[in-house]
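Notes follow once the structure below has been shown.
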Amino acid sequence: MTVRERTADIRVLGAEVSFREVPFASPLVLSSGPITGLTEAVVEVVVRNRAGRTARGRGSVLLSHPWAYGGQPPRGEDRDVVFRGVVEQLTAGLPGLGDQADPLRLGSLLAAASREIVVRQGIPELAGLVCAAPVDAALHDGWAKALGAPAYRCYTGEHLGADLADYLGPDFRTRFPGDYLRATPLERLPVQHVVGVADPLSRDEADGTTMPLTEWVAGDGVHCFKVKLAGRDPAADAARISDVYLATSAVAPAPVRISLDPNEAYREPGQLAAVLRALGRLAPAARDAVRYAEQPFPRDGAQDPAAMAELTAQLPVLLDEAFIDVAALDRLAAAGWSGVTVKTGRGHTQSLLGYCWARHHGRFVAVADLTNVGDALTHSAAMASWLRCDTTAFECNSRQYAPAGNTGAAGELVVRHGELDLAALSREGIR
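So for the sequence shown, my numbering puts the first residue at -16; every next one is plus one.
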């Protein structure tokens, strides 16, 4: 490992964290249960690079402990309090994290510090990633602002101390993240609208607390949908997908596109294959509209390779909750997974490295959301606009479930004709 000094290398001079409660306007129902509100963690850092330039960086995330813990039963702990404490520990440790370095190096050191806390406190590895995410984002943001340029233009050999081989193995010798990014970011992104397990599809189903899907389509022109599935009965899940397709295809301004997200609810590939077979019989057009599935199976469960191969021959199956460490990606690909979801709520460094790995190996990539609000939303949107994903559909479900959290520039992002207009982005730092 050869790390070269760069004038862009930063040292953290100071860091602070703050929290705010973000209530949900309506519950986001996953297979593991409803989410009715979360805490936003906001981390701010002051950094100085070797050229003597100082800057402030900012990162944020909603501390989604229901997602990070999945189906693990509570043990009496207040998980929100646990998450806040981990963020505070990681933020306090920033000034002593290491010598001046680029944010990929610092992000890797931060990940190691997070893993130590995970082991010491006995919390899920995914929880450590979520808690480290706002700290990691603030480092990348401050680094790029000290350079006076968008972060995504700076991931090159000129500004980074080592190539991607240091993080992803010898196949990436002489390659840098910038090699895989767009030369010019997209100005608009098709909105991927989330359909929760219990969300009403029509006005007849609405109870007055949640806007029905058909009204979202009529108002925003959305035509890309992520359908959350309960994962208990293949026939019921197939019927739900069919109902979503039928409700939207009649009013959507463009061909309907669907992704499936059971959030680990199926035990093995045969169950999702059964859903697809049932859907093909029930509504062939709806089956044709399905583009990929996210994390159908438990994050820590090994699946039969032959069954995975049979399933992924029908549609791409992407890692989400099981994407914990970039070092495991080669092994997971060999086990049959088709690709990865990029989710800034798991960390900017991990997202960038996972994306580069997938693009290099020709694997499927999609951007996913952790109900990003405020700075987290503008961060996720900006990153998505620079990536060359297999689908440009962009999930931003805070507009559905937590619109009150979208303050500042995030509140100025407008959906027109089914697309998110990114004109409000500053195009500074990571945003």
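Glycine residues also receive a C-beta, built at the ideal position from the N, C-alpha and C atoms.
Residue of the options minimising C-alpha distance to residue i
i        : options                           : result
Ala84    : Val65, Arg(-6) and Asp187         : Arg(-6)
Ile224   : Val234, Leu243 and Thr327         : Leu243
Ser185   : Glu198, Val323, Pro173 and Val177 : Glu198
Asp287   : Gly16, Pro57 and Gly319           : Gly319
Ala120   : Ala(-9), Leu335, His48 and Thr375 : Leu335
Leu89    : Ala116, His48, Gln278 and Ala189  : Ala116
Arg414   : Pro386, Asn380, Gly357 and Ala385 : Gly357
Val65    : Gln104, Val44, Pro386 and Gly42   : Gln104
Val25    : Leu143, Val69 and Arg165          : Val69
Leu109   : Asp63, Leu130 and Tyr52           : Tyr52
Ala296   : Ala134, Ile18 and Leu259          : Leu259
Ala75    : Glu(-1), Val12 and Arg136         : Glu(-1)
Thr193   : His142, Leu147 and Gln383         : Gln383
Val29    : Gly16, His331, Leu77 and Arg215   : Leu77
Val(-14) : His142, Val44 and Gly54           : His142
Glu71    : Arg36, Leu301, Glu23 and Pro56    : Glu23
Ile106   : Thr157, Asp162 and Pro49          : Pro49
Ala94    : Pro386, Thr332, Ala268 and Gly394 : Thr332
Ala221   : Glu247, Pro173, Asp190 and Val273 : Val273
Glu247   : Gly54, Ala189 and Met291          : Gly54
Cys207   : Leu315, Pro195, Val113 and Pro173 : Pro173
Asp182   : Phe155, Val227, Val113 and Val101 : Val227
Lys209   : Val180, Trp340, Asp187 and Gly263 : Val180
Pro245   : Ala292, Arg282 and Asp187         : Arg282
Per DSSP, cross-strand counterpart(s) of residue i
i       : result
Gly(-3) : Val29
His48   : In the DSSP output, where bridge partners are listed per residue, His48 has none listed.
Thr37   : Arg31
Val210  : Val178 and Leu243
Glu4    : Thr22
Phe347  : Gly322
Val309  : Bridge partners of Val309: none, in fact.
Val397  : Asp404
Nearest-angstrom beta carbon gap, residue j and residue i [assumed within contact, 8 Å]
i       : j      : result
Gln175  : Phe377 : 6 Å
Asp(-8) : Arg33  : 5 Å
Ser1    : Leu353 : In fact, because the Cβ distance is near 19 Å, the residues do not count as touching under 8 Å.
Gly125  : Ala38  : 5 Å
Leu147  : Pro133 : Not confirmed; about 19 Å, so no contact.
Tyr275  : Leu302 : In fact, because the Cβ distance is near 11 Å, the residues do not count as touching under 8 Å.
Ser257  : Pro217 : Checking the sequence shown, residue 257 turns out to be Ala, not Ser. Between Pro217 and Ala257 the Cβ distance is about 4 Å, and since that is below 8 Å, they are a contact.
Leu45   : Leu13  : That belief does not hold up - the Cβ atoms of Leu45 and Leu13 are roughly 14 Å apart, past 8 Å.
Glu277  : Thr324 : 6 Å
Reduced DSSP secondary structure (H/G/I, E/B, other) of residue i
i        : result
Gln254   : helix
Ile18    : strand
Pro160   : helix
Arg414   : coil
Glu472   : Only positions -16 to 414 of the chain appear in this structure, which leaves residue 472 out of reach.
Glu402   : strand
Phe377   : strand
Ala10    : The question names Ala, but residue 10 is Pro in the sequence shown. Correct three-state label for Pro10: strand.
Tyr138   : coil
Pro173   : strand
Ser43    : strand
Val(-14) : coil
Glu277   : strand
Pro133   : strand
Ala84    : strand
Leu143   : coil
Val205   : coil
Leu301   : strand
Val356   : coil
Residues near residue i in its chain [Cβ-Cβ closer than 6 Å; skip 5 each side]
i      : result
Pro236 : Gly204
Gly81  : Leu92
Ser363 : Thr327 and Asn355
Ser232 : Val239
His400 : Gly204
Tyr249 : Gly214, Leu255, Pro279 and Phe280
Cys137 : Ala127 and Leu130
Pro10  : Pro17 and Thr19
Pro6   : Gly20
Closer than 7 Å to chain C by CB, residue i
i      : result
Leu229 : You won't find chain C in this structure, because it holds only one protein chain.
Same chain, Cβ closer than 7 Å to residue i, neighbours up to 5 away in sequence not counted
i      : result
Ala201 : Val234
Leu408 : Thr361, Ala364, Ala365, Ala392 and Arg414
Cys372 : Val348, Ala349 and Val350
Cutoff 8 Å; reference residue i; Cβ partners in own chain excluding five residues on either side
i      : result
Tyr150 : Leu87, Ser91, Val309 and Leu336
Asp404 : Glu170, Arg171, Leu396, Val397 and Val398
Arg410 : Pro133, Pro168 and Ala365
Residue i Cβ short of 6 Å to the ligand ADP heavy atom set
i      : result
Gly319 : As for the ligand ADP, it is missing from this structure, which has no ligand bound.
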